[in-house]
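Going down the list, the sequences are from chains A and B.
In terms of the numbering used here, the first sequence has 48 at position 48, counting the first letter as 1, and numbering is strictly consecutive.
In terms of the numbering used here, the second sequence has 55 at position 55, counting the first letter as 1, and numbering is strictly consecutive.
Number of protein chains: 2
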Amino acid sequence: MGSDSSYKYKKVITIGIVKELTGLSERQIRYYEERKLIFPERTPGGNRKYSFEDVELLVEIANKIEDGVQTHEIRKEMLRAQKKQNPDEMKRKMIQGQLNAHFGIRKGPYS
Amino acid sequence: MGSDSSYKYKKVITIGIVKELTGLSERQIRYYEERKLIFPERTPGGNRKYSFEDVELLVEIANKIEDGVQTHEIRKEMLRAQKKQNPDEMKRKMIQGQLNAHFGIRKGPYS
DNA sequence: CGTGTAAGGAATTCTGACACG
DNA sequence: CGTGTAAGGAATTCTGACACG
Chain A
1 MGSDSSYKYK KVITIGIVKE LTGLSERQIR YYEERKLIFP ERTPGGNRKY
51 SFEDVELLVE IANKIEDGVQ THEIRKEMLR AQKKQNPDEM KRKMIQGQLN
101 AHFGIRKGPY S
Chain B
1 MGSDSSYKYK KVITIGIVKE LTGLSERQIR YYEERKLIFP ERTPGGNRKY
51 SFEDVELLVE IANKIEDGVQ THEIRKEMLR AQKKQNPDEM KRKMIQGQLN
101 AHFGIRKGPY S
């Protein structure tokens with residue numbers, strides 16, 4: 001715990017796998033990024049990398065759009081959800097998230 | 001918990017990302033598979049997919065080889081580690097691992 | 001607005017083999 | 001034994017644009 005939770009935030013999944021995982025088209029996945037709903041990282045060669053958290057978020061986004069909510073509204077919802085947390089707690093979580101994503105994997109050998 | 005743990009076992013990481021994560025060459029990663037030390041899945045197109053667990057295992061394997069242990073010895077070590085668990089418990093864990101890897105992601109919306 | 005698609009190119013990955021040792 | 005590498009091909013991904021609406 002604490003190290004395992006980092007698997008969720010590491011950006012290691014390419015768009016083809018995300019497509020399989022979510023059932024969305026590459027077009028949809030890239031469009032939600034264009035609308036600032038999702039923020040993949042990039043490989044040196046320019047390919048997008050997503051986290052498991054991103055995958056879950058994509059599914060939620062797609063569901064809302066299906067319900068007729070526009071991307072602009074979804075973006076505002078997400079910003080509201082951010083501000084709900086008290087500022088210091090939020091800052092702490094963001095920093096911890098970054099640290100987990102970068103240094104989170106620490107486990108002993110299988111034997 | 002219980003659902004988050006599945007991130008560790010889902011095979012979603014392509015070899016290029018594994019290379020970045022482990023520092024190993026593609027040649028090494030594929031060779032350890034040839035020697036039955038690691039078992040990636042494949043995309044429909046034939047590309048390898050690894051889990052975070054695989055990534056950790058690869059690092060351990062590389063460390064042992066650096067210490068002069070041969071792949072055949074490492075394989076035997078791994079099989080021994082398997083048998084250490086009582087048979088029923090082992091079977092339960094394997095099945096649970098499969099289930100987690102396939103159906104593990106279940107979380108509520110961000111809001 | 002949200003998504004499909006054809007277009008051309010670039011990055012990624014695959015396999016089998018030769019090399020060294 | 002374990003790993004590097006050049007070879008040729010196939011699968012994957014990228015961007016910008018046109019289309020529908």
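The beta carbon of each residue, even a glycine, is placed where N, CA and C say it ideally should be.
Report the residues of the segment 14-31 of chain B with a CB closer than 9 Å to any CB of chain A, ordered along the chain. Residues THR14, GLY16, ILE17, VAL18, GLU20, LEU21.
Three-state secondary structure (DSSP) at A:ILE17? In the three-state reduction of the DSSP assignment, A:ILE17 falls in the helix class.
Under 8 Å by Cβ, that's how I've got B:ILE61 and B:ILE74 pegged, so tell me the actual separation to the nearest angstrom. In this structure B:ILE61 touches B:ILE74 by the C-beta definition: roughly 6 Å separates them, less than 8 Å.
Cutoff 8 Å: B:ASN100 Cβ touching any chain A Cβ: At least 8 Å separates the CB of B:ASN100 from every CB of chain A.
So which residues of chain A does B:PHE39 contact, with C-beta pairs closer than 9 Å? Close partners of B:PHE39 in chain A (Cβ separation under 9 Å) are lacking, with about 14 Å as the shortest Cβ gap.
Let's test the definition: count the other Cβ atoms within 10 Å of the Cβ of B:ARG27 and tell me whether it reaches 16, buried, or not, exposed. If you draw a 10 Å sphere on the C-beta of B:ARG27, you find fewer than 16 other C-beta atoms in it, and that means exposed.
How about the segment 42-50 of chain A and the segment 75-88 of chain A: do they share at least three Cβ pairs that are nearer than 8 Å? Contact between the segment 42-50 of chain A and the segment 75-88 of chain A is not established, with fewer than three Cβ pairs separated by less than 8 Å.
What does the Cβ neighbour count give for A:ARG48, buried or exposed, with the cut at 16 atoms within 10 Å? With 16 or more other Cβ atoms within 10 Å, it is buried.
Run down chain B in chain order and give the residues with a C-beta less than 8 Å from the C-beta of A:LYS93. The contacting residues do not exist; A:LYS93 stays about 13 Å from chain B at best.
Given B:GLY97, which residues of its chain have a CB within under 8 Å of its CB, disregarding the five upstream and five downstream residues? Correct list, in chain order: TYR9.
Mind checking whether A:ILE38 and B:VAL12 have CB atoms under 8 Å apart? No, the pair does not count as a contact, with Cβ atoms beyond the cut-off.
Same chain, Cβ closer than 6 Å to B:ILE105, neighbours up to 5 away in sequence not counted: For B:ILE105, the predicted model reports a pLDDT of 49, less than 50, meaning its position is unreliable; a value from the coordinates is still stated below. Here the set comprises nothing.
Grab me the residues of B:ASP54's own chain with a C-beta within less than 7 Å of its C-beta, minus the 5 sequence neighbours each way, in chain order. Answer for B:ASP54: ILE38, PRO40, listed in chain order.
Can you tell me whether B:TYR50 is helix, strand or coil according to DSSP? Three-state DSSP puts B:TYR50 in a strand.
Endpoints, the alpha helix (DSSP H) within which A:TYR31 is located: In the DSSP assignment, A:TYR31 falls within the unbroken alpha helix (DSSP H) covering 26-34.
Applying a beta-carbon distance threshold of less than 7 Å, which residues of chain A neighbour B:THR71? None at all; the shortest Cβ gap to chain A is about 15 Å.
Starting from A:LYS83, trace the alpha helix (DSSP H) both ways and give me its first and last residue. Counted as a single uninterrupted DSSP element, the alpha helix (DSSP H) harbouring A:LYS83 occupies residues 71-84.
Does any residue of chain A bring its CB to less than 8 Å from the CB of B:ASP67? For B:ASP67, the answer is no, since every Cβ of chain A falls outside 8 Å of its Cβ.
If you compare alpha carbons, which of A:ALA81, A:PHE103, A:THR71, A:ASP67 is closest to A:GLU33? Among A:ALA81, A:PHE103, A:THR71, A:ASP67, the Cα nearest to that of A:GLU33 is on A:THR71.
Since B:LYS49 meets chain A, which of its residues come closer than 9 Å, beta carbon to beta carbon? Taking the beta carbon of B:LYS49 as reference, the chain A residues within 9 Å of it are ILE17, listed in sequence order.
Using DSSP's beta-bridge definition, name the partner residues of B:ARG42. DSSP, once it has assigned bridges, lists B:ARG48 as partnering B:ARG42.
Please classify B:PHE103: is it buried, with 16 or more other beta-carbons within 10 angstroms of its beta-carbon, or exposed? Under the 10 Å beta carbon count, B:PHE103 is surrounded by fewer than 16 other beta carbons and is classified as exposed.
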